[in-house]
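Line order of the protein sequences matches chains W and G.
Counting from 1 along the first sequence, just add 222 to a position and that's the residue number in our numbering.
Counting from 1 along the second sequence, just add 222 to a position and that's the residue number in our numbering.
Where a beta carbon is used, it is the ideal one built from N, C-alpha and C, also for glycine.
From a predicted model like this one, the values you see are computed outputs, not experimental measurements.
Some notes on the structure that comes next.
2 protein chains.
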Amino acid sequence: MEPHAHRWSLPGGRLRSDEDIETSIKRQLAEKVDVRQLAHVEQLAVFSAPDRVPGPRVVATAFLGLVPSDNDPAIPTDTRWHPVEALPRTAFDHESIVLRARDRLRAKLSYTNIGFALAPPTFTISALRGLYSAALGYRVSATNLQRVLSRRGLLEPTGETALPGRAGGRPAALFTFARRSMAVTDPFAVLRPPGQNEQTGKRS
Amino acid sequence: MEPHAHRWSLPGGRLRSDEDIETSIKRQLAEKVDVRQLAHVEQLAVFSAPDRVPGPRVVATAFLGLVPSDNDPAIPTDTRWHPVEALPRTAFDHESIVLRARDRLRAKLSYTNIGFALAPPTFTISALRGLYSAALGYRVSATNLQRVLSRRGLLEPTGETALPGRAGGRPAALFTFARRSMAVTDPFAVLRPPGQNEQTGKRS
DNA sequence: GAGGTTTTCGCCTTAAAGGCGAAAACATGG
DNA sequence: CCATGTTTTCGCCTTTAAGGCGAAAACCTC
């Protein structure tokens with residue numbers, strides 16, 4: 223009868239007539255779950271299949287939101303974080319929404335600087351590596367992560383170092399994301415940067 | 223009084239309760255303008271600012287649709303193609319929608335195989351170069367385009383060649399997009415292909 | 001057949017990513 | 001306090017992809 227009762231669903235709600243959708247989703251989050259410190263929010267996709275929920279059709283605009291790993295927002299008792307590799311049964315089409323969000327995040331981690339939204343203001347390379355590994359689903363090399371981000375000019379060393387773990391080891395340097403990387407920069411063009419072009423030779 | 227009258231606007235219309243949005247936009251296009259042979263359609267973004275149109279708020283889901291360069295669909299007399307570099311004044315927020323679509327296309331041309339949707343079933347490298355140049359807004363090198371697409375395994379030579387232009391010159395070989403590239407393949411991961419990973423050394 | 005045109009190919013340079021091991025910088029146990 | 005284990009960081013090298021440039025190929029017209 224109510225096949226979707228007692229299943230987990232994503233936070234959300236109805237759009238008010240005086241707000242746009244992004245404002246709305248932020249309000250919903252702030253009301254229902256205490257997730258206010260979103261470091262990044264972007265539209266994911268619109269889900270509009272006529273039968274996606276029982277009853278009259280509901281069009282949903284899904285968003286991807288990222289919270290830095292260092293803040294653990296207080297959430298109500300009926301709410302929970304779920305690891306994406308072990309999702310419970312979800313209501314409606316929410317599972318496919320989550321999977322799309324995951325894929326989007328993975329893709330953008332590679333070709334944008336969206337990683338800044340996952341990291342605390344200051345972090346060690348190993349910590350960042352952990353975040354990237356978790357998000358991407360495979361182990362990332364710290365060495366390479368370090369170099370790739372540096373070469374892209376996204377990483378800035380703060381002077382400081384973190385305390386070594388209880389097992390000893392060299393204390394890790396603390397880094398920050400460069401200021402100009404604090405907004406998501408979309409793809410680095412692949413097929414021809416804006417530089418001078420072509421015009422190869424004689425064109426009279 | 224009616225600041226948006228007599229301005230150009232994008233095709234579109236209301237969503238019916240028994241169709242999803244993509245179905246809807248395809249229907250609208252087929253009805254209003256005869257653009258049926260869309261080689262690729264994807265969601266662009268939702269536009270929902272409360273004041274984006276006068277009167278009660280209208281939420282619009284914008285799509286990017288691509289038509290191969292060889293078909294020139296019949297369009298009604300009140301409808302026109304406009305070059306994106308010389309847009310007329312548009313109604314509402316339609317200009318920003320168009321610009322977003324343009325940017326999306328440009329980005330995806332670089333890191334996906336979306337180009338297949340712009341090209342006719344068979345084409346010469348120069349023709350393809352023309353399409354890429356027009357879409358990207360800068361001159362692309364034919365040599366490099368050729369190699370990049372080949373190395374990605376997207377280009378397949380048909381045996382045939384096109385007729386040389388009236389000015390002579392070596393007849394150009396005709397190519398096709400490889401079959402497996404006929405669906406948009408999203409990013410080639412940059413930061414770590416799925417291959418073996420890390421595990422660098424001793425982990426006991 | 002000479003000269004002009006367009007396409008294609010081959011070789012080289014540049015740039016970014018990834019691998020691997022050594023060195024650096026810490027902890028702890030004898 | 002020195003040897004040993006641990007973790008991070010650095011340097012050098014390899015691999016892969018993109019981009020440049022000129023020569024060769026293949027066609028036209030006069």
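The DSSP-derived three-state label of Ala339 (chain W) is helix. Rounded to the nearest whole angstrom, the C-alpha separation of Ala296 (chain W) and Arg302 (chain W) is 10 angstroms. Taken in chain order, the complete beta strand (DSSP E) segments of 3 or more residues contained in the stretch 280-357 of chain W are 282-288.
At a beta-carbon threshold of 8 angstroms, the residues of chain G lying near Pro272 (chain W) are Ser239, Asp240, Glu241 and Asp242, ordered along the chain.
In this structure, Ala394 (chain W) and Ile347 (chain W) form a Cβ contact; the two beta carbons are roughly 7 angstroms apart against a cut-off of 8 angstroms. Counting the other CB atoms within 10 Å of its CB gives Leu321 (chain G) a total below 16, which places it among the exposed residues.
Here the alpha carbon of Val255 (chain G) sits roughly 48 angstroms from the alpha carbon of Phe399 (chain W). Following the DSSP letters along the chain, one finds Val268 (chain W) inside the beta strand (DSSP E) bounded by residues His262 to Phe269. Per the C-alpha coordinates, the member of W:Leu358, W:Arg229 and W:Arg401 positioned closest to Arg311 (chain W) is W:Arg229. The CB of Thr312 (chain W) never comes closer than 7 angstroms to any CB in chain G; the least such distance is about 20 angstroms. Cα atoms of Pro298 (chain G) and Ala284 (chain W): separation of roughly 35 angstroms, rounded to the nearest angstrom. Taking C-alpha positions only, Arg373 (chain W) is separated from Asp300 (chain G) by approximately 52 angstroms. For the pair Ala282 (chain G) and Gly235 (chain G), the Cα-to-Cα distance works out to about 9 angstroms. In terms of Cβ geometry, Leu353 (chain W) and Leu371 (chain W) do not form a close pair [threshold 8 angstroms]. A contact between stretches requires three or more CB pairs, one per stretch, nearer than 8 angstroms, and the stretch 259-272 of chain W meets this requirement with the stretch 242-257 of chain G. Chain-ordered, the chain G residues with CB closer than 7 angstroms to the CB of Val268 (chain W) read Ile243, Gln265, Val268 and Thr283. No Cβ of chain W is located within less than 8 angstroms of the beta carbon of Arg229 (chain G). For Arg279 (chain G), the nearest CB of chain W lies under 8 angstroms from its own CB, placing it at the interface with that chain. Within 10 angstroms of the beta-carbon of Asn335 (chain W) lie 16 or more other beta-carbons, which makes it buried. With a contact defined as Cβ atoms closer than 8 angstroms, Ala323 (chain G) and Pro290 (chain G) miss out at about 17 angstroms. The beta carbons of Ala357 (chain W) and Leu376 (chain W) sit no closer together than 8 angstroms. Bounds of any beta strand (DSSP E) do not take in Ala394 (chain G), whose DSSP letter is neither H nor E. For Leu377 (chain G), the enclosing beta strand (DSSP E) stretches over residues Leu377 to Thr383. The beta carbons of Glu378 (chain W) and Leu396 (chain W) sit about 10 angstroms from each other, so the pair does not count as a contact at 8 angstroms.
Each residue's CA atom was taken as its position, placing Pro278 (chain W) and Ala308 (chain W) some 31 angstroms apart. Per DSSP, the unbroken alpha helix (DSSP H) holding Ala364 (chain W) starts and ends at Ala364 to Arg373. One alpha carbon belongs to Arg258 (chain W), the other to Pro233 (chain W), and they sit about 13 angstroms apart.
Rounded to whole angstroms, the separation of the alpha carbons of Val280 (chain G) and Asp273 (chain G) is 9 angstroms. Counting only residues of its own chain and dropping the five nearest sequence neighbours on each side, Phe314 (chain W) has a CB closer than 8 angstroms to the CB of His226, Ser231, Arg274 and Val275.
As the crow flies, the alpha-carbon of Gly337 (chain G) is around 6 angstroms from that of Leu331 (chain G). For Arg249 (chain W), the enclosing alpha helix (DSSP H) stretches over residues Ile243 to Lys254. Scanning its chain for C-beta atoms nearer than 6 angstroms, with the 5 sequence neighbours on each side dropped, one finds around Ile319 (chain W) the residues Ala284, in chain order. When the beta-carbon positions are compared, Glu264 (chain G) and Leu286 (chain G) come within less than 8 angstroms of each other. Apart from the 5 residues on each side of it in sequence, Asn293 (chain W) sits with its Cβ closer than 7 angstroms to the Cβ of Gln259 in its chain, given in chain order.
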